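Asker: Okay, so the sequence shown: first residue is 151 according to this note's numbering, each after it adds one.
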Amino acid sequence: YSLEVYTSNDILLGNENFSVEEFVPDRIKVSAKLDKPFLSPGQSATLSINALNFFGPPAANRKYEYEVQFKQKALSPKKYGRYKFGVDNSAISFEKVTDEGITDENGNGTKSYSVPAGFKNTGLLQANFYTTVFDETGRPVSRTVNTDIYTQEVFFGIATDGYWYQPLNQPIRFPLIALDKNEKVVNASAEVKVIKHEYRT
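#1: Could you give the distance in angstroms between the alpha-carbon of Gly206 and the alpha-carbon of Val295?
#2: In angstroms, rounded to a whole number, what distance separates the CA positions of Ile299 and Pro266?
#3: Look at the Cβ atom of Lys102, then the Cβ atom of Tyr233, and state whether they are nearer than 7 angstroms.
#4: With a CB to CB cut of under 6 angstroms and the five nearest residues on each side skipped, what residues in its chain are close to Ala201?
#5: Ordered along the chain, which non-local residues of its own chain (more than five positions away) have a Cβ less than 7 angstroms from that of Lys331?
#6: Can you give me the Cβ contacts of Lys223 inside the same chain, cut-off strictly under 8 angstroms, excluding the 5 residues immediately before and after it?
#7: What residues are listed by DSSP as bridge partners for Asp298?
#8: Taking only beta-carbon atoms, is Arg177 less than 7 angstroms away from chain C?
#9: Can you have a look at Val155 and say buried or exposed, based on whether 16 or more other CB atoms are within 10 angstroms of its CB?
#10: Can you tell which of Pro187, Phe305 and Glu341 has the C-alpha that lies nearest to the C-alpha of Ser226?
#11: Let's test the definition: count the other Cβ atoms within 10 Å of the Cβ of Leu326 and tell me whether it reaches 16, buried, or not, exposed.
#12: Bridge partners of Phe168, per DSSP?
#13: Does DSSP classify Lys183 as helix, strand or coil?
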């Protein structure tokens with residue numbers, strides 16, 4: 151809008167521009183819930199979707215879209231902050247999963263998802279479940295549900311006692327630890343390799 155001020159004989163004294171943003175509230179309420187608190191490779195989960203018209207009946211026969219995205223997540227136990235539990239998975243490809251559907255007469259929808267077995271031994275992952283339901287005008291309303299994927303029974307952590315060392319028979323200590331998904335110490339065996347990289351400059 152533009153506000154203009156004139157004198158009584160129509161002489162423009164000045165003007166000021168201003169904007170008015172129109173807010174359109176959501177017409178439907180969307181909720182989404184997973185049936186499991188966490189997942190593992192090869193395990194299936196069901197996402198329950200519910201859409202409800204505000205001050206009205208369930209949002210029946212509404213189109214919805216469903217998407218699952220993955221990302222690497224760092225295991226960071228507070229009690230063992232000096233240890234690093236990261237896993238280098240540069241060769242792993244996390245392709246997103248998409249699908250769509252129509253809500254039933256009660257405004258409900260369900261989607262099942264199975265964690266690929268190929269995710270095994272890739273550390274701690276996070277799966278983000280995105281749900282978008284469209285109201286009668288086609289306006290989207292979205293919700294997100296997150297869950298962890300524990301791809302290992304045991305998570306190994308490694309720490310060091312320094313960074314720079316002198317080549318004078320100086321001992322270097324690498325503390326190791328094994329934790330389960332609840333961050334509890336467990337007995338486990340692992341293979342340890344020491345690789346020497348020589349930089350000749």
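Note that beta-carbon positions come from the ideal geometry of N, C-alpha and C, so glycine has one too.
Remember, predicted model here, so these are calculated numbers, not experimental data.
Answerer: So, from the data block:
#1: Taking the first residue of the sequence shown as position 1, residue 206 is located at position 56. Taking the first residue of the sequence shown as position 1, residue 295 is located at position 145. Near 25 angstroms, if we compare the C-alpha coordinates of Val295 and Gly206.
#2: Numbered from 1 along the sequence shown, position 149 holds the residue referred to as residue 299. Numbered from 1 along the sequence shown, position 116 holds the residue referred to as residue 266. So the alpha carbons of these two residues sit roughly 11 angstroms apart.
#3: Limits of the chain in this structure are 151 at one end and 351 at the other, which puts residue 102 out of reach.
#4: As a working note, residue 201 is residue 51 in the sequence shown. Counting only Cβ-Cβ distances below 6 angstroms, and skipping sequence neighbours, we find Ile178, Val180, Ala209, Arg212, Thr253, Gly257 and Val283.
#5: Looking up residue 331 in the sequence shown gives position 181. Excluding positions up to five away in sequence, the list reads Tyr300.
#6: Along the sequence shown, read from residue 1 onward, the residue named residue 223 stands at position 73. Annotation for Lys223: Gly273, Leu274, Leu275, Gln276 and Asp298 place their beta carbon closer than 8 angstroms to its own, counting only its chain and skipping 5 residues before and after.
#7: Looking up residue 298 in the sequence shown gives position 148. According to DSSP, Asp298 shares a beta bridge with Phe188 and Gln276.
#8: Considering every chain present, this structure includes no chain C. It has just one protein chain.
#9: Here residue 155 is taken as the residue at index 5 of the sequence shown, counted from 1. Classification for Val155: exposed.
#10: For the purposes of this step, residue 226 is taken as the residue at position 76 of the sequence shown. Closest by alpha carbon: Phe305.
#11: Position 176 of the sequence shown holds residue 326. It is exposed - the Cβ of Leu326 has fewer than 16 other Cβ atoms within 10 Å.
#12: The sequence position of residue 168 within the sequence shown is 18, counting from 1. As computed with DSSP, Phe168 is found in no beta bridge at all.
#13: As a first step, residue 183 must be located in the sequence shown, where it is residue number 33. Correct three-state label for Lys183: strand.
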